[in-house]
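Chains as they are written, first to last, in the numbering used here: chain C, 221 to 915; chain Y, 221 to 915.
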């Protein structure tokens, strides 16, 4: 056992360092001036609205988590149940810290833009976001590292490692449960508010976006935080812990490596190194903040990635363990590092491809098509979205192939971990976006000057780019994580030897059922947004009609009511897609057996990734095509092409912010549920399927 | 060997009976009065336009087919190459006969509606369509039956049957090649003409649909025949022969049944019985034509299905052979009949589900959403389309499960054959639709009275229902056929014993690549329609501008030019999707091996079926939601909701008539290419993949 392995005992401590740093960063952000009374008032409303949503969500969540915990304690082990609660708690805390910080940083970014200029505004927004990034990385490490310290590190016997992997899978399932609520519920919240605000405010009443007279403006700003900070954070947290745990599970499989403890330790070491690299990268913002903001954000990520990859080279070399193929061939000892490299590079590349499809020639194609009306705008946008799936899928295949060639099935897991290890900094860049967006909204609502608006607008525009990259990254990492979890599932049910045979019609049935799930969940979530938005439209119309003085600006609209409507709708509409995701694998597993369930996971993974890419990229492209026209192309704002582009954007909203992202969660959640219930399914499914003749 | 098996020697003769009957039916249709001089002139233009398209298509096709034939003769066997040419020829002939008849029947339907009323009009339209239905069934039987007579029936040794299956797979590939041209090219032709005619005529010039002053009106009518008669016919012909040949290939696999000759003979017997049942069903139209037209069309199908299933029960019992599972268990001797029953019923059920999603509550949901604009119309339509995938997929899974339980892998093949056996009558009902549609257009263009229009409108409305069912049926049968071909592929490359292991990352890569193909091809075809429609728009605008007297009706527009534009665009835009479909399996097979190719076929099958269902049903639902509003709901024609619904319909057009149907072809074509090249891939892929380290 190399020295590196013993270091993993301190993983939880490394996590604590990250968390404490996040605390200091938060204190720094909060200590910044928050601007005028009006600004403080608006930001307090956003902050309170966000906290209201979180509290309501948590109270529903608490019931859900308690029920599942009880079920797990009864059906699996008490330790798995404890891990589940802990995983859920860590995800909740990460989301809570991130939201707290984001809703403090938004107004302070606006104030900094107003008082001190662009460099300072960038710093505040980025540091505000980095609380989320660091919390995600740190809490993942504290949780997994803590369990490792207690159950894993001391256990040399391979069997103990397998047991550790089983326990810790509960942690991943906890994270997944929260992600489901945060991503699906958050996605519905944010789009109900957005669509409601736009339809009545912009279209019917003719007042600008983010106008303080619009009762849904605050809800819209809350939605940005709920969806893009908490939702995205929970999604990435799920991938982060899911990939680590899947790799541990694969690594723990007896006989797959020359040294099981090293195989179990490597993913943990990888994220420790990633967190440290992220801390350095985030700190470098002070160096870069004076330069072009887009370059600064790119550079901090770049510094962290290079440091991470460099350090990992020595770590992997120093561990000196080899992965063994099924055929018994020993792969190169540096193999896992090549997999990590492949994961990291492919993660970046997918982000760039997403950016291309939502920024360059494709959006000009859509804008051009808008000249002949909404129909052609939509056809072109849909075609662009479908086309945009090709290169990311090829990249994912490349990552799979490279990591497998160099480190076997284990390589696929560690590649996913590599992609996610520097999440501290990548997630900081992600969370920067909604903060800058909110800062713009607050500037507008509180009537700050042209110059300030120009700064917040330019920061917001960069936020759109980073958001596009972040969405691509989220899908790519979800794909690799789901694949790693799929392998972990196969190992857990003992199929790695016998295989999952695609010629077996039960597997084909599983494949079809799994393939259908993303379409079904996408349909549910899109319908949900439509329904929730309708409720918001009715409420905004009612306020405009019944509350005198709103339009004159003499009476404040009832923003809390709008937040309440979005919150209720989000929590209500989440139930059906959520139940589908949790129950589908259990039902198929019990009634059709482990092989069919394997087919289902594979089917859902493939269509889930494709549909997520299609929806996210169509949506992003429509949004930016509209902005491109608004910037003056084809007649600019108010022209016929612009009207067409607005319709495209309306369709794109639930595509990119609700349904698409929900699919990331779906494919990971059904895989982790399958891993956790693997033992039970193996035990009972032959009996059940025997009864009904499906065996 | 039972007597039934010897009957199959006469399969080609049964086909001849069907073809001769089709000839008599055609003579009957042609002998009907064709109406006024104006009507004859219009229908001659449509007929000539259709023939122009076919001739141009055939000349491109001839080159393609010659090249592939030479390649096949060199790479496989001369017999396979001959089978390929024959398959292509049979499909071409079926399409040619069907188009000839349809473009004669349309004007005679209008004349019958004008002179003799609804019953006679129904008969002419249906008999006009039945030439297509009978030609598809008969030519399939003549081709396969002929090869069976020469190579198959006398050969008792199992090895000879395997060789026969290999040769005959060339026939299926020939059919697939034509289907690709007819469906993809036809789909682009029809929508370019349709969108072009609508955008300039209805929207810009404000003249009604099918107005004779619109230069694209004739091209639009030609397009209905090109897309819905020739395209649909080639699609179904491909499924028909593909499923028969796949089942022969599975049945020929040594050791899978107690009696190989019976297993090889059953699919041929099944379609013989199906053809005879169809002939009786079609003849029954004379009995039913006086009743409600929708009921009449339903009843002829019903009669044929019942006769078919009843007769097949005795055939299967009489053959007395058993399918053996891999485990060596003998399944019930009546098992294949249960599979046939499952296939037939599921085929009907999928059609009904499709009808539901494009006719009932879902379209009212879309119409209601149109009140808040095009954005919500589109979101709802997309959600409906995605939702509509669920039940058909469950039905397909049910068919797979039942047929496998009762007759093993062989059962999946024979279930597909069962679904398609009565194609003589189901395809007649399908082809009835565009004839009724054309009859309506001709009535409009030649100014027939209100009463006549009412009859053609009501026949056309029923045509929309049968078209919806036909589309669902086409996808369902494509799914089962692709699955049967997938099994045939596995048998051909010797993977039925070792399996295609989903845990193998190469298979996962194949699955992702395959899953991506339908998205890619859908994007290509949608973009193609956009581009081709733009060319049509420019031409129609030019004619309105440059030819004086068009709008006054004193000068005839240059319709031939519009047909030429659609034809050229269709042939040009078909190349890239076509090459993708043909080359993808060959490349993946050679470079990544037979298992990865298996994964690719499975991936394409799953996302292809889902995407095809989604696109076809969204498109149909948008179309009918628009018609629902036009019938008076939510303000009727010209209202804001109607404008929104028109935009939805525009998006739905390429969805349902180009991209969606192209996917049916894609999933079958890549499977049949894999089967034909199986031997070569097995031989060379280890070498190639060895060189580049992908092995």
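We treat Cβ as the ideally placed atom computed from N, Cα and C, and that holds for glycine.
Nearest candidate by alpha-carbon position, reference residue 600/C, set 613/Y, 874/Y, 360/Y:
Selected option, being the one with the closest Cα: 874/Y.
List the DSSP bridge partners of residue 550/C.
Bridge partners of residue 550/C: 544/C.
Where the alpha helix (DSSP H) containing residue 256/C begins and where it ends
Note, residue 256/C: premise wrong, no alpha helix (DSSP H); not H, not E.
Is the shortest distance between the beta-carbon of residue 536/C and the beta-carbons of chain Y less than 8 Å?
no
Does the distance from the C-beta atom of residue 616/Y to that of residue 567/Y stay below 8 Å?
Their beta carbons are not under 8 Å apart, which means residue 616/Y does not touch residue 567/Y by this criterion.
Roughly how far, in whole angstroms, is the beta-carbon of residue 902/Y from the beta-carbon of residue 713/Y, given that I think they are within contact range, below 8 Å?
Contact holds; Cβ gap of about 5 Å.
Are residue 720/Y and residue 860/Y closer than 8 Å when you measure CB to CB?
no
Would you kindly work out how many angstroms separate the C-alpha atoms of residue 705/C and residue 898/C, rounded to a whole number?
12 Å
Within 8 Å (strictly less), CB to CB, does residue 392/C reach chain Y?
no
My output table needs one value for residue 721/C: the three-state DSSP class, helix, strand or coil.
strand
Are the C-beta atoms of residue 599/C and some chain Y residue less than 8 Å apart?
yes
Does the Cβ-Cβ distance between residue 867/Y and residue 594/Y come in under 8 Å?
yes
Please say whether residue 623/C and residue 917/C have beta carbons closer to each other than 8 Å?
It is not possible to answer for residue 917/C, since the shown part of chain C is limited to 221 through 915.
In or out: residue 549/Y buried (at least 16 other Cβ within 10 Å) or exposed?
Classification of residue 549/Y: exposed, given that the 10 Å Cβ count is below 16.
Under the three-state DSSP convention, the category residue 870/C falls into
helix
CB contact below 8 Å: residue 805/C versus chain Y:
no
Are residue 322/Y and residue 519/Y close, meaning C-beta to C-beta below 8 Å?
Taking 8 Å as the Cβ cut-off, residue 322/Y and residue 519/Y do not qualify as a contacting pair.
Cβ pair residue 407/C, residue 878/C closer than 8 Å
Going by C-beta atoms, residue 407/C is nearer than 8 Å to residue 878/C.
Determine, using beta-carbon pairs with one atom in the region 389-402 of chain C and one in the region 498-515 of chain C, whether at least three such pairs fall under 8 Å.
no
As assigned by DSSP and simplified to three states, the class of residue 326/Y:
helix
If you measure between the beta carbons of residue 449/Y and residue 654/Y, is that distance less than 8 Å?
yes
Using a C-beta to C-beta distance shorter than 8 Å, which residues of chain Y count as neighbours of residue 721/C?
719, 720, 721, 722
Could you pull out every residue in the same chain whose Cβ sits closer than 7 Å to the Cβ of residue 905/C, ignoring the five residues on either side in sequence?
809, 810, 813, 814
Examine chain Y for any beta-carbon lying closer than 8 Å to the beta-carbon of residue 707/C, and answer yes or no.
yes
Unbroken alpha helix (DSSP H) runs of length 4 or more, entirely within the region 820-898 of chain Y: which are they?
860-874, 880-896
Other residues of its chain near residue 317/Y: CB distance less than 8 Å, five sequence neighbours each side excluded
242, 246, 351, 352, 355
Using a C-beta to C-beta distance shorter than 8 Å, which residues of chain Y count as neighbours of residue 830/C?
735, 736, 739, 827
If the cut is a Cβ gap below 8 Å, which residues of chain Y does residue 407/C touch?
By Cβ distance, chain Y contributes nothing, its closest Cβ being about 14 Å from residue 407/C, past 8 Å.
Classify residue 580/C as helix, strand or coil using the three-state DSSP reduction.
coil
Residues in the same chain with beta-carbon distance under 6 Å from residue 523/C, minus the five sequence neighbours each way, listed in chain order, please.
Excluding sequence neighbours, residue 523/C sits near 501, 504.
Using a Cβ-Cβ cut-off of 8 Å, state whether residue 429/C counts as contacting chain Y.
no
Return the Cβ separation of residue 826/C and residue 605/Y in integer angstroms, given the expectation that the two are a contact with Cβ distance under 8 Å.
Incorrect: roughly 19 Å between the Cβ atoms, too far for contact.
Decide if residue 428/C is buried, meaning its Cβ has at least 16 other Cβ atoms within 10 Å, or exposed.
exposed
Going by DSSP, what residue range makes up the alpha helix (DSSP H) through residue 513/Y?
513-539
Strictly below 8 Å CB to CB, what residues from chain Y border residue 616/C?
732
On the criterion of 16 or more Cβ atoms from any shown chain inside 10 Å, does residue 226/Y qualify as buried, or is it exposed?
exposed
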